[in-house]
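Residue numbers (our numbering), protein chains in the order written: chain A, 659 to 773; chain E, 380 to 493.
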């Protein structure tokens, strides 16, 4: 079985300050992990993915995430928030095995960026 | 390269009716997955198809069904609609099935059941 817990349902930051969105996962197999972003009334866009290569993964728009197996975490960070980063972010696990390609989504974190 | 397209974008149906949603994957992609997004339950996996075969299915009642055609296009059908079926239905495609493959999402079909 696989599951994802996003530890914050809402995160609010000021423009230019760091962003931290927290995610813990559970998986019976070595997982692939993803972060997706969804802007209002838009589809889901892939930010980055981890598939057992480097543990620090760089994505688009300055985001990065670090895979920590001992902590079963995959937190998303960005050094400096921009107004355009305001959106909902989803941490996603893909566990393989009998789950095959199934993506299991966290409940989402809404990021608000204040000027 | 064109992205994933879904038709129609919006649908309004009444309870008891049935509905068919369509998804065209990115050219060359052979795997298509479907997800339901609601405010209460979030994003939930419906099913995954690869080479016209259903590879995986989520925990949804049998009223939800799907299929994939030889050109990789996919349809999902919901019969005997209930109010709780109101949701955004998202289709995603990937080059192949299995883990580690990026899934590219379409804009979704918003279904409203009255």
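Here a beta-carbon is modelled for each residue, glycine too, at the ideal position from N, C-alpha and C.
Open item on the list: Contact defined as beta carbons within less than 8 Å: I believe residue 470 of chain E pairs with residue 397 of chain E. What is the distance between those atoms, to the nearest angstrom?
Closed with: Not confirmed; about 18 Å, so no contact.
Open item on the list: Rounding to the nearest angstrom, what Cα-Cα distance links residue 713 of chain A and residue 725 of chain A in this structure?
Closed with: 5 Å
Open item on the list: Give me the residue from E/437, E/388 and E/450 with the minimum Cα distance to residue 429 of chain E.
Closed with: E/450
- [ ] Would you identify the three-state DSSP class for residue 445 of chain E, choosing helix, strand or coil?
- [x] strand
- [ ] Ignore the nearest five residues each way along the sequence and tell me which others in residue 489 of chain E's own chain have a CB closer than 6 Å to its CB.
- [x] 389 and 467
- [ ] Would you mind giving the Cβ-Cβ distance between residue 736 of chain A and residue 676 of chain A, rounded to the nearest angstrom? I have them listed as a contact below 8 Å.
- [x] 7 Å
Open item on the list: Are the CB atoms of residue 472 of chain E and residue 405 of chain E within a distance shorter than 8 Å?
Closed with: yes
Open item on the list: Between residue 473 of chain E and chain A, is any beta-carbon pair separated by less than 8 Å?
Closed with: yes
Task: Stretch-stretch touch, CB-based, cutoff 8 Å, three pairs: the region 741–751 of chain A with the region 682–695 of chain A - done: yes
Open item on the list: Quick check on residue 421 of chain E: does DSSP put it in helix, strand or coil?
Closed with: strand
Open item on the list: DSSP three-state label for residue 405 of chain E, please.
Closed with: coil
TODO: For residue 461 of chain E, collect the residues of the same chain with a Cβ closer than 7 Å to its Cβ; drop the 5 residues on either side in sequence, then sort them by chain order.
DONE: 394 and 492
Open item on the list: So if DSSP puts residue 774 of chain A in a beta bridge, which residue, or which two residues, is it bridged to?
Closed with: Only positions 659 to 773 of chain A appear in this structure, which leaves residue 774 of chain A out of reach.
Open item on the list: Strictly below 7 Å CB to CB, what residues from chain E border residue 691 of chain A?
Closed with: The premise fails here: residue 691 of chain A is roughly 10 Å from chain E at the closest Cβ pair, so nothing lies under 7 Å.
Open item on the list: I'd like to know if residue 451 of chain E contacts chain A, where contact means its C-beta is closer than 8 Å to some C-beta of that chain.
Closed with: no
Open item on the list: Strictly below 7 Å CB to CB, what residues from chain A border residue 482 of chain E?
Closed with: 761
- [ ] Can you give me, in chain order, the residues of the region 701–731 of chain A that have a beta carbon less than 7 Å from any beta carbon in chain E?
- [x] 701, 702, 704, 707 and 709
Task: residue 660 of chain A: contacting residues in chain E (beta-carbon distance under 9 Å) - done: Those within 9 Å of residue 660 of chain A in chain E number zero; the least Cβ separation is about 11 Å.
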